[in-house]
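Numbering (the working numbering), first residue to last: 38 to 327. Note that beta-carbon positions come from the ideal geometry of N, C-alpha and C, so glycine has one too.
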């Protein structure tokens, strides 16, 4: 593997100087080898991995993704709307030190978001979150556990979802996110737990899994209401909110203990860290556009 990495690094650097890759945000500062290792693992040959980097660099430079490690892409007021109605957040780590991401799909309200946010706003907020994780959350978590690289473990909580939740725009969003994650953030996913899945979701899943490559599908476990033993095998109780069988309350009295955002609360540790780290987007006066 070391020899493969050395030859791959030489090929990549011959085409893309390190400074250019850092400016584009492809390589977090000081993480060249870890980044190249992820791309190497994502494809069966070095030639395919190099093409993947070319495609990612093109996407990043055409869309100015590199600025997202320093500046918001959407106005803060819109970001807060998305956080309220697509409740989520990074919260703790699993037993291997991978960053834990929780999304409350039952709290998803696309109608409320649509009053002030366009589809691209929500998609851009997702990209912003990925960039923040790559440049801040993952490196900080890796240092804490003495590793050079960590990934994300994701919990999707489906408690409270109904057929009304899974609108056409939701499937469109899932498809776009799957493409972005698999093409431009390879090998950042450790595993996924879909919990509180109602019976009808197993049929719906057949429509969703077509967007995922085989490697991603193998990392996903769909669980019903008896999910706690499985979660506790991989995640300590103090890293989970009470609603998921844990003991954590970041902000007692808030929905989900304030561990992730909700329609009533967005001041979580994760979102506060992002807000204090990144500059506002250009022209952001703190209000929602008319």
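Could you pull the DSSP bridge partners for residue i from this structure?
i, result
"residue 136", "130 and 189"
"residue 141", "194"
When you compare the CB positions of residue i and residue j, do they come within less than 8 Å of one another, or not?
i, j, result
"residue 306", "residue 131", "no"
"residue 231", "residue 257", "yes"
"residue 279", "residue 294", "yes"
"residue 122", "residue 149", "yes"
"residue 159", "residue 191", "no"
"residue 102", "residue 61", "yes"
"residue 318", "residue 136", "no"
"residue 156", "residue 206", "yes"
Specify, as a first and last residue, the run of the alpha helix (DSSP H) that residue i falls within.
i, result
"residue 84", "83 to 100"
"residue 72", "69 to 79"
"residue 108", "From DSSP, residue 108 is part of no alpha helix (DSSP H); its letter is neither H nor E."
"residue 61", "That residue, residue 61, is in no alpha helix (DSSP H); it is neither H nor E in DSSP."
"residue 152", "Unbroken run through residue 152: none, as it is neither H nor E."
"residue 163", "156 to 169"
"residue 117", "113 to 122"
Could you tell me the distance, in whole angstroms, from the CA atom of residue i to the CA atom of residue j?
i, j, result
"residue 194", "residue 48", "42 Å"
"residue 164", "residue 220", "12 Å"
"residue 300", "residue 119", "9 Å"
"residue 51", "residue 114", "42 Å"
"residue 187", "residue 238", "30 Å"
"residue 274", "residue 167", "25 Å"
"residue 142", "residue 124", "7 Å"
"residue 234", "residue 81", "34 Å"
"residue 196", "residue 251", "26 Å"
"residue 99", "residue 320", "21 Å"
"residue 87", "residue 76", "8 Å"
"residue 84", "residue 67", "24 Å"
"residue 254", "residue 302", "32 Å"
"residue 46", "residue 241", "41 Å"
Worksheet entry | Ranges of the alpha helix (DSSP H) found wholly within the stretch 174 to 249, counting only runs of at least 4 | 175 to 182, 205 to 221 and 236 to 245
Worksheet entry | Residue ranges of each alpha helix (DSSP H) within the stretch 242 to 325, 4 or longer | 251 to 254, 265 to 271 and 306 to 314
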